[in-house]
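Student:
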Amino acid sequence: MPPREIEDEGRERRSYVIGLVLALVLTTGAFAVVGLNLLSGGAALAGLGLLALIQAVVHLRYFLHIDLQRSHRDDLLLILFTVLILLIMVSGTIWILYDQHVRMMP
Amino acid sequence: MNWELIFGQIKWTSFVFAGMIENPSLSEAIASGAGSIAVLGALATVILLTVKGWWVPLWRDWLTSVDHKKVGIMYIAIALVMFARAVIEAALMRAQQLAATEGAGFLSADHFGQLFSTHGTIMIFFVAMPFITGLMNYVMPLQIGARDVSFPLLNAISLMLTMAGAILIMVSLVVGQFSTGGWSAYPPFTGIDFSPGEGVDYWIWAVSLGSIGSTLTGLNLAVTIYKKRCPGMSLFRMPLFTWTTLCTSILMIFAMAPLTAATVMLALDRYAGFHFFTNGDGGNMMNYANLFWLFGHPEVYILILPAFGVWSEVVATFSSKRIYGYTSLVYATMCIAVLSFAVWLHHFFTMGQSANVNAIFGIATMIIGVPTGVKVYDWLLTMVGGRIRFSTPMLYHINFLLTFILGGMTGVLLANPGVDFQVHNTLFLVAHFHNMIIPGVLFGMFAAVQFWFPKVFGFRLHEGLGRASFWCFAPGFLLAFFPLYWLGMMGATRRTYMWSNPDYVPWLALAMLGAGLILAGFALMVTQIVVSVRQRAQLAAPLGDPWDGRALEWSIPSPPPAWNFAVLPNVSSQDPFYEAKKAGIAYRSPAAYEDIEVPRNTATAPLIGLFACAWAFGLVWHIWWLAIASFVLIWVVVIARSFATDTEETIPAATVKAANEAFLAAARATPGVTRDREMTSDNKGRAHPEALEGRAGTIASGTAVEAL
Amino acid sequence: MSLSERLHPGLNLAGTDPEGHEAAEETLFGFWIFLMSDLVLFAVLFATYAAMSVQGIAEGPRPAEVFDLTAAFVETLLLLFSSFAFGLAMLEMKYRENRRGVLVWLLLTGLLGAAFVGMELHDYYVMITQHAAPPQASGFLSAYYLLTGTHALHVSSGLVWMVIMAVQVALIGFTTPVKLRLMRLALFWHMLDVVWIGIFTFVYLYGVAS
Chain A
0 MPPREIEDEG RERRSYVIGL VLALVLTTGA FAVVGLNLLS GGAALAGLGL
50 LALIQAVVHL RYFLHIDLQR SHRDDLLLIL FTVLILLIMV SGTIWILYDQ
100 HVRMMP
Chain B
0 MNWELIFGQI KWTSFVFAGM IENPSLSEAI ASGAGSIAVL GALATVILLT
50 VKGWWVPLWR DWLTSVDHKK VGIMYIAIAL VMFARAVIEA ALMRAQQLAA
100 TEGAGFLSAD HFGQLFSTHG TIMIFFVAMP FITGLMNYVM PLQIGARDVS
150 FPLLNAISLM LTMAGAILIM VSLVVGQFST GGWSAYPPFT GIDFSPGEGV
200 DYWIWAVSLG SIGSTLTGLN LAVTIYKKRC PGMSLFRMPL FTWTTLCTSI
250 LMIFAMAPLT AATVMLALDR YAGFHFFTNG DGGNMMNYAN LFWLFGHPEV
300 YILILPAFGV WSEVVATFSS KRIYGYTSLV YATMCIAVLS FAVWLHHFFT
350 MGQSANVNAI FGIATMIIGV PTGVKVYDWL LTMVGGRIRF STPMLYHINF
400 LLTFILGGMT GVLLANPGVD FQVHNTLFLV AHFHNMIIPG VLFGMFAAVQ
450 FWFPKVFGFR LHEGLGRASF WCFAPGFLLA FFPLYWLGMM GATRRTYMWS
500 NPDYVPWLAL AMLGAGLILA GFALMVTQIV VSVRQRAQLA APLGDPWDGR
550 ALEWSIPSPP PAWNFAVLPN VSSQDPFYEA KKAGIAYRSP AAYEDIEVPR
600 NTATAPLIGL FACAWAFGLV WHIWWLAIAS FVLIWVVVIA RSFATDTEET
650 IPAATVKAAN EAFLAAARAT PGVTRDREMT SDNKGRAHPE ALEGRAGTIA
700 SGTAVEAL
Chain C
0 MSLSERLHPG LNLAGTDPEG HEAAEETLFG FWIFLMSDLV LFAVLFATYA
50 AMSVQGIAEG PRPAEVFDLT AAFVETLLLL FSSFAFGLAM LEMKYRENRR
100 GVLVWLLLTG LLGAAFVGME LHDYYVMITQ HAAPPQASGF LSAYYLLTGT
150 HALHVSSGLV WMVIMAVQVA LIGFTTPVKL RLMRLALFWH MLDVVWIGIF
200 TFVYLYGVAS
């Protein structure tokens, strides 16, 4: 293998290892929050949500190799657009169903 | 012997003719008649194919083809066949409602329920969707200078899945009943408690097949536009039809998933006793409405955006003018596409959420009228100062502008939750959405057929019959649907098979008259196609540019060769072909030709479609062996295909050169036809550009630069 | 276009296989779009679950009564290591085109994935037999089984796909189509891991915490 490839491979291997370590830490942290009752109530939910968000970003960055490099910006825009659609659909659904639920006769 | 293992729940009495024998009535006779037409139609097709020896060409040249042009044509063929059925159903419903004041009419309530359910389901999923999909498939790659879509085989598979869904709906005419739950199939009515039997299952699986097909099409077309544009075709040089295709594709990618989720949940409720939408045990039927319209509202724009693209092409071409406000049209399309995901609640304002929720979605709905308004002004301003030719597509366009604006205004009314509460579930709503979809989508597709037919088949459609058909469709639509606004405000509810108010009768009679005119329009349209095929010699326009067109699709012969472009074009502006004609550099021979790789035909897609259809049929009738076997076979076909290596063939450069040089020579040798002669047999598809008129003598039409 | 330029999100073949790298651009972009469409499907299932896990309990058990966090934690680790193993298989393919190396890593990925599916089936078995919590018991459980079941079905089809790819690697070797299929399977596999983050957080941890 030419030296440039060895270097490239080292970089990409490191990416997977970093991803694995970070994911392990975050996962263990999330389970610890609940298992050891570190937080409770709304704080627990917010903390868990934040940990999940960070871990999703870690996976996207280190396993799926998404970065904000210029050369594939068009594709990336479409993928990022998905996030907007997800937010609209999920928050809209939860909002509407919750609103209907609280207005119903018990 | 346990027959249920073999035939599932199909019994002798499942066949539509059994009803007529056991319980004769006019309603049953009509059902049997429809079943007979389906059976006889299929039989006649088989006999025709056998007698003419067309089985082999049908299989070899069409069903196994992965060429985007043939796939597009097949989509539109499905759309037209299904349109014939659904428009007849519409006329039957009109007749029933007219006949059923203070009496039962001639259809049973159940039969009427099936009619409005199949009419809606077919018109949306198996007329409008295949029509726009076929059109996008055919035209878009030609407009961006590509040889095919990104994934030709996937494209054929999408087609076959859609066809499988359409066949399933046709089968429901003969075997069993269809759903009576409307095209939106709201539970709990469509749950197993209130709708036992196969009807809702037919709806679920037909719609699911169509929806999977559409998702894959959206993916395919979006990748094509992103990755296969010819050199120089930057995003902001793309024709507007391509822009609307891109936005529609993106909507398809995201909007179909909620529908799939909703149909899967409904199926699990019905087949496995789950509690997503049931009345008790924690089910929530309001979530169905939520999920369905998460899909349903973007769906409206999936349908209308390609039609907006068609209107943009038509108005520019027949006004002989560059489209007014290109950039604003592009941004308006994008705004509509994004906003369409944020208004779905306006379909169920009355479901009980608080006024604040309704208000927010009402406001979002009104906002979506703004970019649409921008588009209307752009089209109007394109006509200002142009030389307008009142050809059939242009007539449709002007009619569209007038009637669509009225429909849009009733839409703004309905966007106000207070008004919506008053007319919810009445014929006012029915009038409104037909007012958007018929002049917008359907007439857009008809205009597109008139406009691109000569490109597809190499001869124009008969103009006189086209106009005659238009003059039936346009007033027919007004007569059929404007009375429904009045009826709705008088309180007439939708999907009602029997009335007690005699005041409705005159309005219903007017609507019936409209339905008759629409049927006449359709008959004239079929006649127009038949006559045009017969007179194809006089109407021939093989040189490809009968309307003095603007985008790349008009620069190649009609019908286009398998490879579309002998050499991929290199564009440097919007309206590249028009600019080339203006500069006198159209029809130049390229410097060199190269071999072209095209995908081979394959049986993969039709086999997948066949097994998908069998799978769905097995599920509908609980024929488990069939469902399991077909499902396994679908994947066996997919896996077997992944081992195939010899999937492409090469067309040698010499073949391409011979064909293309012959076309170019003919184009150069033929005198260009001026616009006032474009509807005569002089029009061989070589246009004398409007842009050069008044500068007579600058470039004689025959001359062209020989080599680059 | 420089060879090292990235043409699509995800692991690129730039540098080692220029021809495959260019062929990948269109195919991989298409697959990304498919993944996004799939993600929207999961989003809708998550939203439904979010509503029904609170409002759809009826007479059935509550989330905290039926979930086993230890099992969920082990499943999370299995899927995470499986994802990591696939990453190493891809490096083996990209830099060495070494059939044996790729097959070994694929085998490990598949075993971890199969263990994940097995554990999930065991979870279902325990819920149904010991907690009287089948999907028919309530809206909450219907939504739970559909969400986790859809994910498990994705993982299972990924496993079938993996077997086919192993056969193709062994029989055909690293032609461009085979490489592109492995790259797509890798994206699919990593994406399922991302979806699982949502499941263990919003289903299991939220269910027990609230």
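Chains as they are written, first to last, in numbering that gives the first Met the number 0: chain A, 0 to 105; chain B, 0 to 707; chain C, 0 to 209.
Think of the CB as a built atom: it goes at the ideal place given N, C-alpha and C, for glycine as much as any other residue.
Please read these numbers as outputs of a predicted model, since none were measured by experiment.
#1: Is the CB of residue 60 of chain C under 9 Å away from at least one CB in chain B?
#2: What does residue 598 of chain B pair with, by DSSP beta-bridge criteria?
#3: Among all the DSSP beta bridges, which residues are the ones paired with residue 539 of chain B?
#4: Rounded to whole angstroms, what is the Cα-Cα separation between residue 227 of chain B and residue 139 of chain B?
#5: For residue 40 of chain A and residue 208 of chain C, what's the separation of their Cα atoms in angstroms?
#6: So with CB distances below 8 Å, who are the chain C contacts of residue 220 of chain B?
#7: Could you check if residue 309 of chain B is buried or exposed, using at least 16 other CB atoms within 10 Å of its CB as the buried criterion?
#8: Interface residues of chain B around residue 50 of chain C at Cβ under 8 Å?
#9: Looking at the unbroken alpha helix (DSSP H) that takes in residue 779 of chain B, where does it start and where does it end?
#10: Relative to the C-alpha of residue 191 of chain B, which candidate in B/243, B/277, B/170, B/142 has its C-alpha closest?
#11: I want to verify the contact list: residues of chain B whose CB lies under 8 Å from the CB of residue 47 of chain C, in sequence order.
#12: Taking CB distances under 9 Å as the criterion, tell me whether residue 641 of chain B reaches chain C.
#13: Could you list which residues in chain C have their beta carbon closer than 7 Å to that of residue 256 of chain B, in chain order?
#14: Which residues mark the beginning and the end of the alpha helix (DSSP H) in which residue 534 of chain B is found?
#15: Find the nearest neighbour of residue 646 of chain B within the set B/627, B/668, B/665, B/596, judged by alpha-carbon distance.
#16: Once DSSP output is grouped into helix, strand and coil, what is the label at residue 182 of chain B?
#17: Does residue 599 of chain B pass the burial test, meaning 16 or more other C-beta atoms within 10 Å, or should it be called exposed?
#18: Starting from residue 268 of chain B, follow the alpha helix (DSSP H) in both directions and report where the run begins and ends.
#19: Which first and last residues belong to the alpha helix (DSSP H) in which residue 98 of chain C is found?
#20: So, are the CB atoms of residue 128 of chain B and residue 366 of chain B less than 9 Å apart?
#21: Would you mind stating whether residue 565 of chain B and residue 586 of chain B have Cβ atoms separated by less than 9 Å?
#22: Quick one: measure Cβ to Cβ for residue 47 of chain A and residue 29 of chain A, integer angstroms, because I've assumed they're closer than 8 Å.
#23: From B/295, B/372, B/323, pick the residue whose C-alpha is nearest to that of residue 239 of chain B; which is it?
#24: Under a CB-based cut-off of 9 Å, is residue 13 of chain C close to chain B?
#25: Compare the beta carbon distance of residue 147 of chain B and residue 274 of chain B with 9 Å and say whether it is the shorter of the two.
#26: Please list, in chain order, the residues of the segment 18–31 of chain A that have any C-beta partner in chain C closer than 9 Å.
#27: Mind checking if residue 44 of chain A is an interface residue toward chain C, Cβ cutoff 9 Å exclusive?
#28: So does residue 376 of chain B have its beta carbon nearer than 8 Å to some heavy atom of the ligand FMN?
#29: Run down chain C in chain order and give the residues with a C-beta less than 7 Å from the C-beta of residue 225 of chain B.
#30: In angstroms with no decimal places, state the Cα-to-Cα distance between residue 60 of chain A and residue 91 of chain B.
#31: Got a sec: which bits of the segment 184–206 of chain C sit with their beta carbon under 8 Å from any beta carbon on chain A, in order along the chain?
#32: Of all the residues that make up the segment 63–87 of chain C, which are near chain A by a beta-carbon distance shorter than 9 Å?
#33: Rounded to whole angstroms, what is the Cα-Cα separation between residue 17 of chain C and residue 19 of chain A?
#34: Whole angstroms are fine: how far does the CA of residue 241 of chain B sit from the CA of residue 144 of chain B?
#35: Leaving out the 5 sequence neighbours to the left and right, which residues in its chain are closer than 8 Å to residue 45 of chain B when beta-carbon positions are compared?
#36: Sort out for me which residues DSSP pairs residue 294 of chain B with in a bridge.
Tutor: Reading it off the structure:
#1: Counting from 1 along the third sequence, the entry for residue 60 of chain C is found at position 61. Output row for residue 60 of chain C: interface = no.
#2: Your numbering for residue 598 of chain B matches position 599 in the second sequence. Paired residue(s): B/647.
#3: The count along the second sequence starts at 1 and reaches residue 539 of chain B at position 540. Paired residues: B/458.
#4: As a working mapping, residue 227 of chain B is identified with position 228 in the second sequence. As a working mapping, residue 139 of chain B is identified with position 140 in the second sequence. Taking the straight line joining both Cα atoms gives about 11 Å.
#5: Along the first sequence, one-based indexing puts residue 40 of chain A at 41. Along the third sequence, one-based indexing puts residue 208 of chain C at 209. Distance between the alpha carbons of residue 40 of chain A and residue 208 of chain C: 7 Å.
#6: Numbered from 1 along the second sequence, position 221 holds the residue referred to as residue 220 of chain B. Chain C residues near residue 220 of chain B: none, gap ~10 Å exceeds 8 Å.
#7: On the second sequence, position 310 is the one that residue 309 of chain B refers to. Residue 309 of chain B comes out buried.
#8: Translated into the one-based positions of the third sequence, residue 50 of chain C becomes position 51. Within chain B, the residues near residue 50 of chain C are 283, 286.
#9: Only positions 0 to 707 of chain B appear in this structure, which leaves residue 779 of chain B out of reach.
#10: On the second sequence, residue 191 of chain B is found 192 positions in, with the first residue counted as 1. Of B/243, B/277, B/170, B/142, the residue nearest in Cα terms is B/277.
#11: Position 48 of the third sequence holds residue 47 of chain C. Those are 260, 264, 275, 286, 290, listed as they occur along chain B.
#12: Numbered from 1 along the second sequence, position 642 holds the residue referred to as residue 641 of chain B. Yes, residue 641 of chain B counts as interfacial toward chain C.
#13: The count along the second sequence starts at 1 and reaches residue 256 of chain B at position 257. Those are 36, 39, 40, 43, listed as they occur along chain C.
#14: The residue labelled residue 534 of chain B in the question sits at position 535 within the second sequence. Element bounds for residue 534 of chain B: n/a, residue is neither H nor E.
#15: Position 647 of the second sequence, counted from the start, is the residue given in the question as residue 646 of chain B. Comparing Cα positions, the closest option is B/596.
#16: Taking the second sequence and counting its residues from 1, the one referred to as residue 182 of chain B is at position 183. Residue 182 of chain B: coil per DSSP, three-state reduction.
#17: Here residue 599 of chain B corresponds to residue number 600 of the second sequence, with the count starting at 1. Label assigned to residue 599 of chain B: exposed.
#18: Residue numbering aside, residue 268 of chain B sits at position 269 when the second sequence is read from its first letter. Unbroken alpha helix (DSSP H) run through residue 268 of chain B: 239–271.
#19: One-based indexing of the third sequence puts residue 98 of chain C at position 99. Run containing residue 98 of chain C: 98–129, per the alpha helix (DSSP H) assignment.
#20: The residue given as residue 128 of chain B occupies position 129 in the second sequence. The residue given as residue 366 of chain B occupies position 367 in the second sequence. No, Cβ-Cβ distance for residue 128 of chain B and residue 366 of chain B is not below 9 Å.
#21: Within the second sequence, the letter at position 566 stands for residue 565 of chain B. Within the second sequence, the letter at position 587 stands for residue 586 of chain B. No.
#22: As a first step, residue 47 of chain A must be located in the first sequence, where it is residue number 48. As a first step, residue 29 of chain A must be located in the first sequence, where it is residue number 30. Their Cβ separation, rounded to whole angstroms, is 6 Å, which keeps residue 47 of chain A and residue 29 of chain A in contact under 8 Å.
#23: On the second sequence, residue 239 of chain B is found 240 positions in, with the first residue counted as 1. Taking only the C-alpha atoms, the option nearest residue 239 of chain B is B/323.
#24: Your numbering for residue 13 of chain C matches position 14 in the third sequence. Answer no: the Cβ-Cβ gap between residue 13 of chain C and chain B never drops below 9 Å.
#25: Indexing the second sequence from 1 puts residue 147 of chain B at position 148. Indexing the second sequence from 1 puts residue 274 of chain B at position 275. Cβ atoms of residue 147 of chain B and residue 274 of chain B: not closer than 9 Å.
#26: 18, 19, 22, 23, 25, 26, 27, 29, 30
#27: Residue numbering aside, residue 44 of chain A sits at position 45 when the first sequence is read from its first letter. Output row for residue 44 of chain A: interface = yes.
#28: Of the ligands one can find in the structure shown there are none, so the ligand FMN has no counterpart to examine.
#29: Numbered from its first residue, the second sequence carries residue 225 of chain B at position 226. Correct list: 28.
#30: Here residue 60 of chain A refers to the residue found at position 61 when the first sequence is read from its first residue. Here residue 91 of chain B refers to the residue found at position 92 when the second sequence is read from its first residue. Inter-residue distance for residue 60 of chain A and residue 91 of chain B is about 59 Å (C-alpha atoms, whole angstroms).
#31: 186, 189, 190, 192, 193, 196, 197, 199, 200, 201, 204, 205
#32: 68, 69, 71, 72, 75, 76, 79, 80, 82, 83, 85, 86, 87
#33: Your numbering for residue 17 of chain C matches position 18 in the third sequence. Your numbering for residue 19 of chain A matches position 20 in the first sequence. Spanning the two alpha carbons is a distance of roughly 29 Å.
#34: Along the second sequence, one-based indexing puts residue 144 of chain B at 145. Along the second sequence, one-based indexing puts residue 241 of chain B at 242. Their Cα atoms are separated by approximately 11 Å.
#35: The residue given as residue 45 of chain B occupies position 46 in the second sequence. For residue 45 of chain B, where only same-chain residues beyond five positions count, there are no Cβ hits under 8 Å.
#36: The residue you call residue 294 of chain B lines up with position 295 of the second sequence. In the DSSP output, where bridge partners are listed per residue, residue 294 of chain B has none listed.
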